[in-house]
Each structure stands twice: as C-alpha cells, then as structure tokens.
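Colleague:
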Amino acid sequence: MLAPRTTQHVRLLSALLGLIAFAVLSLATSRADAYPWMIRHEYTGCAICHGDPTGGGVLTPYGRAQGDLLLRTRYSSPKPGEEAGDPSKTAGFLWGAFEPPDWLLLGGSFRGATLVTKAAGTPADVRYILMQADLRAMIRPSFFRAGGAIGFAHEGALPAAVTSNTANNVVSREHWAGVAFKDDQFLLRAGRMNLPFGIRNIDHTLWVRKSTRTDINDSQEHGVSFAYNGDTVRGEVMGILGNFQVHPDAYRERGAVGYLEYTISPRYTAGLNGLFTSALLDRTSGTTLKRGSAGIFGRGSPTLPLVLMAEADMLINAPAATSISLGMVGMLQADYEPKQGIHVLATGEVRVDTSGTSAGGWLGAAWFFLPHVDARFDGIVQSVASAGGTSTLVTSFLGQLHFFL
Amino acid sequence: MRQIASTAALAGILLFAGAASASADYPDTVKTHLSLTSAPECALCHAGGMTGLGTVNTLFGTTARTKYMLTSGNPTLLTSVLDKMKTDKVDSDGDGTGDIAELIAGTDPNTAGGGKIVGKPDLTYGCVATVAPGQPLPSSGAAFGLALVAVIAVARRRRGFVGASRRSLFVAAAAASAVIAVGCYDVSYVTSDVCSSGLAWTGGDKASPNMHPGFACIDCHTANGGPHFTIAGTIFPSKTPDDCLGATDASIEITGADGKLLTITANEAGNFYSELAVKTPYQVKVVSGGKSKIMGSAQTTGDCNSCHTEAGANAAPGRVTLP
Chain A
402 MLAPRTTQHV RLLSALLGLI AFAVLSLATS RADAYPWMIR HEYTGCAICH
452 GDPTGGGVLT PYGRAQGDLL LRTRYSSPKP GEEAGDPSKT AGFLWGAFEP
502 PDWLLLGGSF RGATLVTKAA GTPADVRYIL MQADLRAMIR PSFFRAGGAI
552 GFAHEGALPA AVTSNTANNV VSREHWAGVA FKDDQFLLRA GRMNLPFGIR
602 NIDHTLWVRK STRTDINDSQ EHGVSFAYNG DTVRGEVMGI LGNFQVHPDA
652 YRERGAVGYL EYTISPRYTA GLNGLFTSAL LDRTSGTTLK RGSAGIFGRG
702 SPTLPLVLMA EADMLINAPA ATSISLGMVG MLQADYEPKQ GIHVLATGEV
752 RVDTSGTSAG GWLGAAWFFL PHVDARFDGI VQSVASAGGT STLVTSFLGQ
802 LHFFL
Chain B
34 MRQIASTAAL AGILLFAGAA SASADYPDTV KTHLSLTSAP ECALCHAGGM
84 TGLGTVNTLF GTTARTKYML TSGNPTLLTS VLDKMKTDKV DSDGDGTGDI
134 AELIAGTDPN TAGGGKIVGK PDLTYGCVAT VAPGQPLPSS GAAFGLALVA
184 VIAVARRRRG FVGASRRSLF VAAAAASAVI AVGCYDVSYV TSDVCSSGLA
234 WTGGDKASPN MHPGFACIDC HTANGGPHFT IAGTIFPSKT PDDCLGATDA
284 SIEITGADGK LLTITANEAG NFYSELAVKT PYQVKVVSGG KSKIMGSAQT
334 TGDCNSCHTE AGANAAPGRV TLP
C-alpha cells in the first residue's frame, strides 16, 4: 500500500527535484569528500588528497600540502627562503613534528561542539559534545592497502563502538584492508568502511545523510568494495555484509550500495547513487527492515569563491510484503569563500516521509584560522513533521572547534 | 598571541565541557527499574521509533512528558515518573490495564488490548558484549596472541620480503587479529565436515541469541544468571556437534496441558527460546517446510538440549532435528 501523498508533498517534491535538476544540469555540476567544496580548486576526485578513494579520513602528503596552501587563511607573504607555492613546515603530521615514511599515512581528528536545541514547547537543551576524537592510520606498501581508525566517543556513535557501554566507548569507525591496481586506479578492499553514497561531507546530521543512513559518523558497515578512480569517471560499489559491531545478527543490515560520478568539466561534476538493504529487525523501529534509496547529486563552482552542492534521494521502505512507503530527501548547499579559509555556508533541506513534510535551513560560517585548526558556527531552523500530522519547530545553534593532526 | 588565547579558550569550552543530556540510556533505565527481561524499544515513547527532539509523541511518551514533566537526560527523574505512573495507575491507551502493568506484562501501553513492545532480542553494541555474571571474558585474547606469533614467525622466515611490506603485514595482521580477538565476529565459517551448516559459534560466553547452539540453555542460564527461559533448545538439520549453527526456517509448536498453543521460531543459529509459562505436561511438534513431526511423549521440562545432545541422553534420540 502506498503511503498517502498530499498535493503539498507532490508540489514540494517537484520543486526540490527541479532545484536539483537545475543545479545538476544548468550549472553543469560531482562526487564529494569531507570538504566537497574543494572542487573550486578543480579537485573533482578525492583519492589524490585522501587515503580513502571516496574521500574523508587520513590525508596523503599531497593532501596535507594542498590543505596548507588552499584550505587555511594565510596571514603573511612567504618568508625568506620560502616560495609562494611551498606549503609551510607545519603542514605535516603533528604540525610537522614527525614525518612518517612514505608507506605510512598518519592522522587524527578532534572535534568538540556546543549544541543548543530548542523545540517548541520544551525547555532549551544544552549539550557539550566531543563529536570526534579519532586517531587514524593507513599503510600502503607496494599494492597492499590497509586503513583504520580508533577513537573515543563520549556519547552516541554506538554502531561504531568497540566497547559495550551506553556512553564513553572506544570506537572504530573504519578498519579495512585491500589491494590497489594500476597506480591506485582500482582498489578492492574488505572491512568496515564508509558507505559510498551521496555527498560525503562533515554535516552528518543533514537529512540526506541521516535518512539514508550514510553519514561518516557511525553509519559505516562491514563489507567488500571495489572502487574505480579514473580521470573523468569515479565510482565505488560495496556489498554490505552487516555491521558486526551490532548484536545480535538480526539487527545487521545486508545489501549493496554504490555511486558513479562523472566530471563534466574541471569544476562541475554529477553523479548517481543507489542503496538497498534488509534486516530481520530495524535498530530504530524494531520492525522488519527493507529499505532503498536512489538519487542524484552534483557539485559546481561557477566562480572561485562559490560552490553549489546538491543531492536528492528517493526513500523506499518496505518492512512487509504488502506495505511500501515512499519518501524523499534533498538538500542544496552553497559555500561562499570571500577570503581564503573563511566560508559562509547556506543550506536548505527537505524530507518527505510518512510523517509528512519537514523542512530546514542552515546558515553557518567556518574559519580555518590556524594550521590544522578550524572553527565553525551554525544556526539551524527545522520544521520537523511527526506522526499525526503535527509539526514541531526546532531551533539549534551549533559551535564547533576542530583540530586535526 | 591573541589567536592562541582564543583557540585555547574555545578548546576549553568545547572539548572539556560537561556531560551530555541525551536519553539513550532511558530504555535500560526502564528495564532495570521495572525488572523487565528486555529493554523497551524507542517506539515506546518515540512515534515510529524515530528519536530526536520533538518525536516523543506516543500516548505513553506524551503522558510522561506533559503530565509528569519528564525531560531528556535525567534517569533519576524517569524512575520517579515511572513510580508515579504506577501509583496513579495511568492507562494511556484506555484498555483497562495500567501502563506500567502493561510494560511488566510485555505489552504495549500505546495499543489498546496488547501489542508486544518488549520481547525482541536486546540490541547491543560493541565487540565486547555483555558477559553473564560470573563468566570469564571470551578467551579470544589467547587466540589473538597465538595468531600474532604465528604470523610474525612465518613472516620472519620469508626471505626477500621488503622491510616496509613486512612491517605493514605485521600491522595489518595485528589489527585484524585484534578485531577478531575482541569478539566482533561471533560466528565463523568452518568446513562442512566440522559443521554441516558450515558455520560455528565462536563468540564464547558473549550474551547473544545465537550463543552456544546445542548446549543446555536453561541449565547454563540458571547457573550463570542468564535470562530465564521456560523452553529453549536448538533445531539441527542432522546429528551435529555443540556450537555448530543449526537449522533456520523451522519452528517449535508447544501445546500446553490447557490447550494453549505457543509457536517459537528458530533463529539464524537454530536456537529457539521462550520466557512464557506453559502448562505442563505439554506436547511438542517440530515444523519446517510444510512438514512436521511430533515428539513421542508429553514433556515437563523445557531444557530441550539437556537430553537432545549429539549422542542423546535420557533415552533421547540425539538432536532435535528437522522433520
């Protein structure tokens, strides 16, 4: 039985799909990494800067250099003996205090946040969150590749937990091993990995990430993946064997996920992604789980300071043979960088599901103000639909401070 | 200098501030406070099981939130609210049975006349899941040590193995062994001559619905403080050693002396279990693929595997097998 869809839903769906189509087609729009707006510097792919071909995580030496040259605010002209195109000595691991061998990539990320949330009719909720405290490593001698992360989560991130506490857990978001071919054009690997789906950014609470369960906070799954990283086409397909850090087996999702991305021009890309999984029991609802998502995404940089990123995904849930509900989720994000290292971000998002239509807007700013250090502030207003046709207005303020090693 | 001071101040505020006030531990608080066998699902309070601010909209959740002023992140307040709801005999769904009485009975206080809200296997996270009291941690630490020693020994004997490659192999082997050692993978593949299913339980005494197929469940749970089952056992495709995973797509039908039928479906390990009381003596039937077979005599004990061992004990003909 299809879920009832109101005229308003259809209108919103049409509007959002139109918006996405506009972003993808007329802006001549790619695949994303943790900072997908690096496309403004014509970095359409991720593997040149990241150990993971689909983005995020440990940085290559080249990625560190470009991060120092292009990511952070630079306050002065090159010092005597330095050339304009040279990264500073602090670009390396631990601010350059230690240089690992070529076959070893090391990194770490520490992100703390203050989150103030106010839902209509309830008192404000103030939370201080250690969002991330991970150490990462990757080894890559010859054709062998293996990567992993180990960290601490004060709260949440339970699906990535190694220990079994309700809070204060050791977590391992990623651990995998594999082999690379043809100068890393191909990578076959197995283990726990981020799901190759949609725009991979740090905004893991965006509905496009939450509703599709593809965020880089704790939505990784164990499985086998094959990635291709060509000049104009990139893609990764992964067979999901389940999250073996979740017990019992009945709660583990199994299925497949993948994306394909095409570089239209050096600063425009467009891609497709799909996912389907099933589980005997859904960790969230406790019912049988059969879900799928399919959608499009794109990035484009019409001028150097501006990057537009868009994603729209259809949501399909079929917990029982006779019950199918359809929904959709989408977002459009603009990143404006008036001065190197300073970003103004505006994001609109929408989610349509059986509860109704939810819409949200983000306005934020980020400043990469020191080597390996950045701060970000976001104001978020969301109208969240709940069962029964009611909506709740939720206002949030999020301040983050991030260090990476 | 100002930048450094600002950074330090922000770091102090953001990284070393107080604890969070989410409600992730509420299900366990309810379970503990009301002595339930399983923690209730998020759907008890959150409509559709979707958590987050503004989603506490079920009948039970709304009552707790609006009438008893329950807020997030306060387990002490939650226990107080549960006590008050019990005293007040709050009946959110108006079916004549109080909310707390329904929770204790294992039914849904949001659905008039029943609807099971507890009883599904507890969802746990991490590699080192709960171990029954009094039991040692899984002995996989020893396995990890042996595996690591073996890998290093083999690698040391390989000539012409590039240094970086060798070091990398050590690191990868150590990482993989560590993951296995801490027990994320509680079921392993084995050859079919060991287990006909090709799968064996390797999670030690880690609490899991899949644990130790073939073992006498109730006897072990009684000795070690595990969940109280009235009936429990394992269905196998054939005569099989302990710890081999059994048959799926099968069920046990128990007909009590009072004529009430209880159907228990075997899980992916072939294990079946129930906490519900059954009037003895009862009849037992194994059902699978449209076929069935009935146990010869009525039974009074539910610890099936205590007699249905691999060889069979107390005149039992070996395992509980498919019809």
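Residue numbers (this note's numbering), protein chains in the order written: chain A, 402 to 806; chain B, 34 to 356.
For every residue, glycine included, the Cβ atom is placed at its ideal position computed from N, Cα and C.
Counting only C-beta atoms, is B:ASN90 closer than 8 Å to chain A at any point?
Modeller: Closer than 8 Å: yes.
Colleague: Do A:ASN718 and A:ARG692 count as a contact pair if the criterion is CB distance below 8 Å?
Modeller: A contact, by the Cβ cut-off of 8 Å.
Colleague: Residues of the segment 679-691 of chain A in Cβ contact with chain B at a cutoff of 9 Å, in chain order, please.
Modeller: The segment 679-691 of chain A vs chain B, Cβ under 9 Å: LEU681, LEU682, ASP683, ARG684, THR685, SER686, GLY687, THR688.
Colleague: Which full runs of the beta strand (DSSP E) of 3+ residues lie inside the segment 709-765 of chain A, going along the chain?
Modeller: For the segment 709-765 of chain A, whole beta strand (DSSP E) runs of length 3 or above, ordered along the chain, are 724-740, 743-754.
Colleague: Whole angstroms are fine: how far does the CA of A:VAL658 sit from the CA of A:GLU637?
Modeller: Cα to Cα, A:GLU637 sits roughly 8 Å from A:VAL658.
Colleague: Do B:GLY351 and B:ALA344 have their C-beta atoms within less than 8 Å of each other?
Modeller: The answer is yes: Cβ separation under 8 Å.
Colleague: Against chain A, does B:LEU156 count as a neighbour if the rule is that its beta carbon must be under 8 Å from one of theirs?
Modeller: Chain A contact via Cβ: present.
Colleague: Which class does A:LYS583 belong to by DSSP, given the choice of helix, strand or coil?
Modeller: Three-state DSSP puts A:LYS583 in coil, outside helix and strand.
Colleague: So, are the CB atoms of A:THR445 and A:THR664 less than 8 Å apart?
Modeller: Taking 8 Å as the Cβ cut-off, A:THR445 and A:THR664 qualify as a contacting pair.
Colleague: Is the segment 311-327 of chain B in contact with the segment 244-261 of chain B, if contact means three or more CB pairs nearer than 8 Å?
Modeller: As far as the Cβ criterion goes, the segment 311-327 of chain B does not touch the segment 244-261 of chain B, which means the pair count is below three.
Colleague: What is the rounded straight-line gap between the Cα of B:ASP126 and the Cα of B:GLU135?
Modeller: The alpha-carbon atoms of B:ASP126 and B:GLU135 are separated by roughly 10 Å.
Colleague: Are the beta-carbon atoms belonging to A:PRO437 and A:ARG700 less than 8 Å from one another?
Modeller: Contact: yes.
Colleague: Select from A:LEU799, A:ILE600, A:GLY749 the residue whose C-alpha is nearest the C-alpha of A:TYR529.
Modeller: When each option's Cα is compared against that of A:TYR529, the closest is A:LEU799.
Colleague: Between A:PRO501 and chain B, is the shortest Cβ-Cβ distance under 8 Å, so that the two count as touching?
Modeller: So no, A:PRO501 is outside the interface.
Colleague: Is there a C-beta anywhere in chain E that falls below 8 Å from the one on A:VAL647?
Modeller: No chain E is present in this structure, whose protein chains are A and B.
Colleague: For B:THR140 and chain A, any beta-carbon pair shorter than 8 Å?
Modeller: No - not a single Cβ of chain A is within 8 Å of the one on B:THR140.
Colleague: Which chain B residues are close to A:LEU559, counting only those with a beta carbon under 7 Å from its beta carbon?
Modeller: Here the neighbours are TYR158.
Colleague: Looking at A:LEU506 and A:VAL459, is the spacing between their C-beta atoms short of 8 Å?
Modeller: A contact, by the Cβ cut-off of 8 Å.
Colleague: Which of the three DSSP states, helix, strand or coil, is assigned to A:ILE449?
Modeller: Correct three-state label for A:ILE449: coil.
Colleague: For the alpha helix (DSSP H) containing A:TRP608, list its first residue and its last residue.
Modeller: A:TRP608 -> alpha helix (DSSP H) spans 608-611.
Colleague: What are the start and end residues of the beta strand (DSSP E) that includes A:ASN570?
Modeller: It spans 570-572 - the beta strand (DSSP E) in which A:ASN570 sits, taken as one unbroken run.
Colleague: Residues in its own chain within less than 7 Å of A:GLY509 by CB, not counting five upstream and five downstream?
Modeller: For A:GLY509, where only same-chain residues beyond five positions count, the Cβ hits under 7 Å are ASP535, LEU536, ARG537, PHE805, LEU806.
Colleague: Helix, strand or coil: which one does DSSP assign to B:LEU115?
Modeller: B:LEU115: helix per DSSP, three-state reduction.
Colleague: Checking contacts by CB at 8 Å: is B:THR255 closer than that to chain A?
Modeller: Not closer than 8 Å to any Cβ of chain A, the Cβ of B:THR255 fails to qualify, so no.
Colleague: Cβ of B:HIS341 within 8 Å of Cβ of B:ALA331?
Modeller: Cβ atoms of B:HIS341 and B:ALA331: not closer than 8 Å.
Colleague: Using a Cβ cut-off of 8 Å, which residues of the segment 607-636 of chain A contact any Cβ in chain B, in chain order?
Modeller: Of all residues in the segment 607-636 of chain A, none has a Cβ within less than 8 Å of some Cβ in chain B.
Colleague: On the CB-based measure, 16 or more other CB atoms within 10 Å of its CB, does B:PHE93 come out buried or exposed?
Modeller: So B:PHE93 ends up on the buried side.
Colleague: Taking only beta-carbon positions, decide if B:PRO242 is within less than 8 Å of chain A.
Modeller: Chain A contact via Cβ: present.
Colleague: When we look at the beta-carbon of B:LEU156 and count the other beta-carbons within 10 Å, is it buried (16 or more) or exposed?
Modeller: Result: buried.
Colleague: Taking Cβ positions, are A:PRO560 and A:VAL634 nearer each other than 8 Å?
Modeller: Not a contact, by the Cβ cut-off of 8 Å.
Colleague: When DSSP labels each residue in this structure, what does B:ALA145 get in the three-state scheme?
Modeller: Here B:ALA145 sits in coil by DSSP.
Colleague: Quick check for students: name the residue ranges of the beta strand (DSSP E) that lie wholly in the segment 283-322 of chain B, counting only runs of 3 or more.
Modeller: Runs of the beta strand (DSSP E) inside the segment 283-322 of chain B: 283-288, 294-298, 304-307, 316-321.
Colleague: Could you give the DSSP three-state label for B:ALA165: helix, strand or coil?
Modeller: For B:ALA165, the pLDDT reaches just 29, beneath the cut-off of 50, and the residue's location in the model is therefore unreliable, leaving the point undetermined.
Colleague: Below 7 Å, is the gap between the Cβ of A:THR748 and the nearest heavy atom of the ligand GTP?
Modeller: The ligand GTP is absent from the structure shown, which contains no ligand whatsoever.
Colleague: In chain order, what residues of the same chain lie with their CB nearer than 8 Å to the CB of A:LEU661, ignoring the 5 residues before and after it?
Modeller: Result list for A:LEU661: VAL634, ARG635, GLY636, GLY672, LEU673, ASN674, in chain order.
Colleague: Would a check of beta-carbon distances place B:ASP61 closer than 8 Å to chain A?
Modeller: Yes, its Cβ sits closer than 8 Å to a Cβ of chain A.
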